[in-house]
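Worksheet: one structure, shown below.
Number of protein chains: 2
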Amino acid sequence: MKARVHVMLKSGVLDPQGEAIRHALGSLGFGGVDGVRQGKVIELDLAETDADAARARVGEMCEKLLANTVIESYSVEIA
Amino acid sequence: MKARVHVMLKSGVLDPQGEAIRHALGSLGFGGVDGVRQGKVIELDLAETDADAARARVGEMCEKLLANTVIESYSVEIA
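For the protein sequence lines, the chains are D and E, in the order given.
To get the working numbering, take the position in the first sequence, counting from 1, and add 1267.
To get the working numbering, take the position in the second sequence, counting from 1, and add 1267.
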């Protein structure tokens, strides 16, 4: 079973990497970009076969390792 | 209009960051994780209002800046 986790900085948190991308896009002539946020995506290949159990397990992984929940939010998709 | 870009290492390319996460998950007692790949997600806020035009534009951005197409693949979602 595959799981995909998105980890993004929370909306109030400054995102210098996203700002750098926005600036670079402007320099390359890509106008009309009002905002950029960069985050991480983590794809996990799990032995677990039950979707609900996998979701709960991945949620735990996020809380303990994958995301810093003080400044980051995460979402889990199970496929 | 919002666009979300996923940039992942191509499947043949070694992903040390993913391997580090897999190892760390194992150390924390999360068994049953057969593979981990880590990539980037970039959320763009675009002034463009036409979905097809936005998709084409973001594709160009990926080719020129957001992805290194030698080793990375990208996918674009428009929302």
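No residue lacks a Cβ here, since even glycine has one placed at the ideal position from N, Cα and C.
No experiment lies behind these values; they were computed from the predicted model shown.
Contact with chain E by residue i, beta-carbon distance below 8 Å
i                : result
H1290 of chain D : no
G1326 of chain D : no
L1276 of chain D : no
E1315 of chain D : yes
I1391 of chain D : Residue 1391 of chain D cannot be examined here, being either before or after the span of chain D that is shown, 1268 to 1346.
L1281 of chain D : no
R1304 of chain D : yes
D1312 of chain D : yes
One or two residues paired with residue i in a DSSP bridge
i                : result
Q1305 of chain D : E:I1309
R1271 of chain D : D:E1310, D:E1344
E1339 of chain E : E:L1276
V1300 of chain D : E:L1313
Cβ-based burial, residue i [other Cβ within 10 Å; buried from 16]
i                : result
G1285 of chain E : buried
D1301 of chain D : exposed
L1295 of chain D : exposed
Cβ of residue i within 8 Å of any chain D Cβ
i                : result
V1343 of chain E : no
G1293 of chain E : no
V1300 of chain E : yes
Beta carbon of residue i nearer than 8 Å to that of residue j
i                : j                : result
M1275 of chain D : A1321 of chain D : no
L1333 of chain D : Y1341 of chain D : yes
G1306 of chain E : V1325 of chain D : no
K1270 of chain D : V1337 of chain D : Here residue 1270 of chain D is Ala; the residue named in the question, Lys, does not match the sequence. No, the Cβ-Cβ distance between A1270 of chain D and V1337 of chain D is not below 8 Å.
V1272 of chain D : L1313 of chain D : no
R1289 of chain D : V1303 of chain D : yes
For residue i, the first and last residue of its enclosing alpha helix (DSSP H)
i                : result
E1327 of chain D : 1318-1328
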